[in-house]
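This report refers to the structure that appears directly beneath it.
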Amino acid sequence: DIQLTQSPSSMSASLGDRVSLTCQSSQGIGNYLSWYQHKPGKPPKPMIYYATNLADGVPSRFSGSRSGSDYSLTISSLESEDTAIYYCLQYDEYPFTFGSGTKLEIK
Amino acid sequence: EVLLQQSGAELVRPGSSVKISCKASGYTFTDYYMHWVKQRPEQGLVWIGRINPANGNTVYAEKFKSKATLTADKSSNTAYMQLSSLTSEDTATYFCTRSGSLDYWGQGVMVTVSS
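Listed in order, the protein sequences are those of chains S and Y. Okay, so the first sequence: first residue is 1157 according to the working numbering, each after it adds one. Okay, so the second sequence: first residue is 30 according to the working numbering, each after it adds one.
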């Protein structure tokens, strides 16, 4: 199975900060990687699909990028509502696999 | 508007089975695979498997091959997941979600296994 390694596992940043979360794949998955924002009691919210494409309704401060097998989710200016756990998902091959998540908090 | 409406919370006994549903609307049901994802309390997301509603073809993660059974009813645009031989390890929230990149999600069903 493809392993996705997310880092950091948790982080705290200040309002207005630029924040980058990373996801490293153990095998080549092309651009078949998505990012999700997950808040308690709600379903995961798609943020980025196909590595770099912003999902519908997602604020433009979010962006996705890829460098080889390393994928990043960047928030250009952190807002309070961005507090959540962020997961990456590879959907290149079965079984689909999720990263273990990055918990993002506001200082 | 695409909606995935899941059935309500379940409290079930160890050793029993449970069948949860996911009713799709707002798109052609047979055009997209339906996937299922598990989240245990305070843990991450785990992919269970997917079904092609057009022909019933299924793919499961290895650890769920004897635990979960995915079906779909084209007449009612509803996908189902049955979980069998339930233990405390199956206490979790289960989500249905639509392919290709898991773009729409149901609200989740909390299944609690307890005597």
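All residues carry an ideal CB built from backbone N, CA and C; glycine is no exception.
Contact set between residue i and chain S, taken where Cβ atoms lie within less than 8 angstroms
| i | result |
| --- | --- |
| residue 132 of chain Y | 1202, 1205, 1211 |
Identified DSSP bridge partners for residue i
| i | result |
| --- | --- |
| residue 1227 of chain S | S:1179, S:1222 |
| residue 1188 of chain S | DSSP, once it has assigned bridges, lists no residue as partnering residue 1188 of chain S. |
| residue 1212 of chain S | Its beta-bridge partners do not exist; DSSP assigns none. |
| residue 79 of chain Y | Y:64, Y:88 |
| residue 48 of chain Y | Y:111 |
Between the CA atoms of residue j and residue i - distance to the nearest angstrom
| i | j | result |
| --- | --- | --- |
| residue 87 of chain Y | residue 1258 of chain S | 30 angstroms |
| residue 80 of chain Y | residue 1158 of chain S | 20 angstroms |
| residue 1246 of chain S | residue 47 of chain Y | 29 angstroms |
| residue 1208 of chain S | residue 1221 of chain S | 5 angstroms |
| residue 142 of chain Y | residue 111 of chain Y | 14 angstroms |
| residue 1206 of chain S | residue 1167 of chain S | 25 angstroms |
| residue 89 of chain Y | residue 1196 of chain S | 26 angstroms |
| residue 1189 of chain S | residue 1256 of chain S | 14 angstroms |
| residue 1193 of chain S | residue 62 of chain Y | 22 angstroms |
| residue 94 of chain Y | residue 75 of chain Y | 14 angstroms |
Interface residues of chain Y facing residue i [CB-CB closer than 7 angstroms]
| i | result |
| --- | --- |
| residue 1256 of chain S | 73 |
| residue 1281 of chain S | Here chain S comprises residues numbered 1157 to 1263, so residue 1281 of chain S is not present and cannot be evaluated. |
| residue 1253 of chain S | 76 |
| residue 1245 of chain S | 131 |
Exposed unless 16 or more other CB atoms sit within 10 angstroms - verdict on residue i
| i | result |
| --- | --- |
| residue 82 of chain Y | buried |
| residue 66 of chain Y | buried |
| residue 135 of chain Y | buried |
| residue 1182 of chain S | exposed |
| residue 1164 of chain S | exposed |
| residue 40 of chain Y | exposed |
| residue 42 of chain Y | exposed |
Listed by chain order, chain S residues near residue i by CB distance under 9 angstroms
| i | result |
| --- | --- |
| residue 136 of chain Y | 1198, 1199 |
| residue 124 of chain Y | 1199, 1200 |
Under 7 angstroms from the C-beta of residue i: neighbouring residues of chain S
| i | result |
| --- | --- |
| residue 88 of chain Y | 1250 |
(message) Within 8 angstroms, do at least three Cβ pairs link the stretch 98 to 111 of chain Y to the stretch 1244 to 1252 of chain S?
(response) Too few Cβ pairs lie closer than 8 angstroms, so no.
(request) Decide if the stretch 1168 to 1176 of chain S is in contact with the stretch 1224 to 1241 of chain S; the criterion is three or more beta carbon pairs, one per stretch, under 8 angstroms apart. (result) yes
(request) Take every Cβ of the stretch 31 to 41 of chain Y, pair it with every Cβ of the stretch 1201 to 1214 of chain S, and state whether three or more of those distances are shorter than 8 angstroms. (result) Using a Cβ-Cβ distance cut-off of 8 angstroms, the stretch 31 to 41 of chain Y and the stretch 1201 to 1214 of chain S are not in contact, since fewer than three pairs of beta carbons, one from each stretch, lie closer than that value.
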